[in-house]
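Counting from 4, one number per residue, gives the positions in the sequence shown under full-length UniProt numbering.
Note that CB positions come from ideal geometry on N, CA and C, so glycine has one too.
Inspection log for the structure reproduced underneath, given as structure tokens.
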Amino acid sequence: TLLLLSTLLRLSHLVMPVTGFVGMPTSSRCVSRSAAATVETAPRLTPFPGGAVGERTKEEAAVNPFDCDDTISPLVKSVAPSKTIEVHALTQEMKARGERVVSLCVGEPDFEPPPAVIEATARAAKEGKTKYTGVTGTLDIRRAICADLTRRKGVPYAAGDIVVANGAKQAVFEGVFAVVRPGDEVIIPAPYWPSYPELVKLAGGVPVIVETTVEEEFMLTAEKLRGALTDRTRMLIFCNPSNPTGAVHSKELCEELAAVLSEKGGKGEGVWVMADEIYERIVYDTPHVAFAGMPGMWERTMTVNGFSKSHAMTGYRIGYLAAPPVIVKAVTTLQGQLTSCASAISQAAGMAALEVSDEEMQASFDIMRAKRDFVMKRVAGIPGLTTAEPQGAFYVLPDVSSHFGKTAPDGTVIGGATDLCLYLLRAHSVALVTGEGFGYPKGIRISYAASMEDLAEALGEFDQCIRSLK
Ligand code: PMP
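Here it is as structure tokens:
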């Protein structure tokens, strides 16, 4: 962590003179763009993220735009604090008081890793697979990843195209840092995974948020993509299936997006694609296709995937990036300085995970589908909610905005999604995540990777809660 921070601090010196970084926090550098219009979002970067050091006068701010004591780097301060913190803190408090809270917040499967993975973990430790591996991972696991990508996704990768990282999150981080230069625009369809805009800002880039709506089933269309591209666009971050919407873009839609990026003389030429496909195995009716397999896309796509979601291996911290050699070289350099390599034991466990049969894997995904169906049925019965049926991952993101402005029985006014989540937790002991951190302030995210009992209880309470608002 120290190494990572010191690297970032050093990078901040590189970033500041080029981008006018010093002036950045006082105005938004986060551009929101729909196909029709270009709008500046409300300022998100303030000198005091989270209000940690309180208000200061204009004069004080002019002397030192960031902080009174300068302890923390402005680069780190520009990162938005997690919006789930408030709900999480209250959940912990209630639990500490001995109260029962049903939480549908977490982004991890509720099943265990396959038994073969657990056995391989113990075996690896006993057999001395406890040393550093090469930076990009063992040759064995990289070969196994290639074989898996070729067999299931039809995308040809060689072992030299793979970097095994400490989780998909690190792979996304490294991929963004490999190409995003200060001032570069990065297109991020909203609702989005909260880390994307924060990573882009850390790299000195400008997140360009492209709204998608529940009515459009949260799909990024060719038209919207074209409307967001500019001469400064460097990357598209494409999360498919999506956290938090569960949207799965079909093969046809992916081909259309690829065609926009390939248009001769168009602004998409030379744009990199960060294809975050960490949920690709958890899909329902729309089959998932790898973006790197779309015409002309292999050469400019960084495919990110891992074991956290498919094999319930969140705590193993292992994921990977598959990309053309120029990117692999850059990412390897970065990772060599950041963490050396992913855990050797986790790499051995990852090998075992790739050997688990499709049938065994499918059994857990079928249970997830049953949970999706159950949640959709219950949500459909709650008044005033608009929802798109998720085709992948394990999240539902209903629009709850028709209830904003109403008052709860205890007098609480529900001004927005965060208020609703906090009230639901206080009055009904159910924890859900506000959509605000996902770039979707109209909604709340329900993770249905939970037991059927918890889902039934939580949704029953949610229904009562909504009906009690006047
Ligand atoms: N991408 C997305 C869209 C995710 O939801 C997550 C996990 N929440 C990750 C990447 C990171 O996964 P990992 O545990 O492999 O770092």
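For a test of your reading of the model: does the CB of residue i fall under 8 Å from any non-hydrogen atom of the ligand PMP? Yes or no.
i         : result
Tyr135    : no
residue 3 : No statement about residue 3 is possible, as the shown extent of the chain runs from 4 to 473 and does not include it.
Asp279    : yes
Gln394    : no
Leu321    : Note on identity: in this sequence residue 321 is Ile, with Leu being the wrong assignment. Indeed, a heavy atom of the ligand PMP lies less than 8 Å from the Cβ.
Ser301    : First, the residue type needs correcting, since residue 301 is Trp and not Ser in the sequence shown. Checking the Cβ of Trp301 against the ligand PMP gives no.
Ser454    : no
Val175    : yes
Cys242    : yes
Val276    : no
Ser198    : yes
Phe310    : yes
Enumerate in chain order the residues of its own chain whose CB-to-CB distance from residue i is below 8 Å, with the five nearest sequence positions on each side excluded.
i      : result
Ala40  : Any reading at Ala40 must be qualified, since the residue scores a pLDDT of 38, below 50, and its modelled position is unreliable; no value is offered.
Gln394 : Pro244, Gly249, Ala250, Val251, Val286, Tyr287, Asp288 and Thr289
Ser454 : Asp113
Arg237 : Val182, Val183, Arg184, Asp187, Glu188, Val189, Gly208, Val274 and Trp275
Val104 : Thr94, Met97, Lys98, Leu428, Ser432, Val433 and Ala434
Arg303 : Leu264, Gly273, Val274, Trp275, Val276 and Pro327
Am I right that residue i and residue j are in contact with their C-beta atoms under 8 Å? What's the rounded C-beta distance?
i      : j      : result
Met97  : Ser471 : So it is not a contact: roughly 19 Å between Cβ atoms.
Ile385 : Asp466 : 5 Å
Val378 : Tyr451 : 5 Å
Ala333 : Ala174 : About 13 Å; that fails the 8 Å criterion.
Ala345 : Lys134 : Going by Cβ atoms, the distance from Ala345 to Lys134 rounds to 13 Å, so no, they are not a contact pair.
Ile321 : Gly178 : Not quite, the Cβ-Cβ distance comes to about 16 Å (not below 8 Å), so this is no contact.
Glu122 : Leu425 : About 43 Å separates the two Cβ atoms, so there is no contact after all.
Ala325 : Asp164 : 5 Å
What does a CB cutoff of less than 7 Å around residue i pick up in its chain, not counting 5 residues either side in sequence?
i      : result
Ile144 : Val167, Gln350, Gly353 and Met354
Glu220 : Ala250 and Ala391
Gly419 : Phe407 and Pro444
Gln338 : Val138, Val166, Ala168 and Glu177
Leu256 : Met222
Which of the three DSSP states, helix, strand or coil, is assigned to residue i?
i      : result
Ile385 : coil
Glu96  : helix
Val42  : In this prediction, Val42 has a pLDDT of 34, which is less than 50 and means its spatial position is unreliable; what the coordinates show is noted afterwards. Strand at Val42.
Glu464 : helix
Thr74  : coil
Met305 : strand
Pro185 : coil
Gly140 : coil
Asp279 : strand
Gly395 : strand
Ala161 : coil
Lys473 : coil
Cys108 : coil
Arg235 : coil
Asp457 : helix
Leu223 : coil
Leu324 : strand
Cys242 : strand
Val433 : strand
Gly170 : coil
Gly446 : strand
Ala193 : strand
Asp288 : coil
Near residue i, which residues of its chain fall below 6 Å by C-beta distance, leaving aside the five closest residues on each side in sequence?
i      : result
Thr141 : Gln350
Ile469 : Ile385
Lys445 : Asp402 and Ser404
Ala99  : none
Thr389 : Val217 and Asp402
Ala383 : none
Leu357 : Ala147 and Asp151
Ala171 : Ile281, Val307, Gly309 and Gly322
Ala461 : Val105, Leu107 and Val433
Gly463 : none
Using a Cβ-based criterion (distance less than 8 Å to any ligand heavy atom), does residue i qualify as near the ligand HEM?
i      : result
Gly110 : Questions concerning the ligand HEM fall outside what the structure shown contains, since the ligands it does hold are the ligand PMP.
With three or more C-beta pairs closer than 8 Å as the rule, is the region 200–218 touching the region 151–171? With the cut-off at 8 Å, the region 151–171 and the region 200–218 do not touch.
With contact counted as at least three CB pairs below 8 Å, one residue from each stretch, are the region 405–414 and the region 81–92 in contact? With the cut-off at 8 Å, the region 405–414 and the region 81–92 do not touch.
Do three or more CB pairs link the region 311–319 to the region 296–303 at distances below 8 Å? The region 311–319 makes no contact with the region 296–303; the number of CB pairs closer than 8 Å stays below 3.
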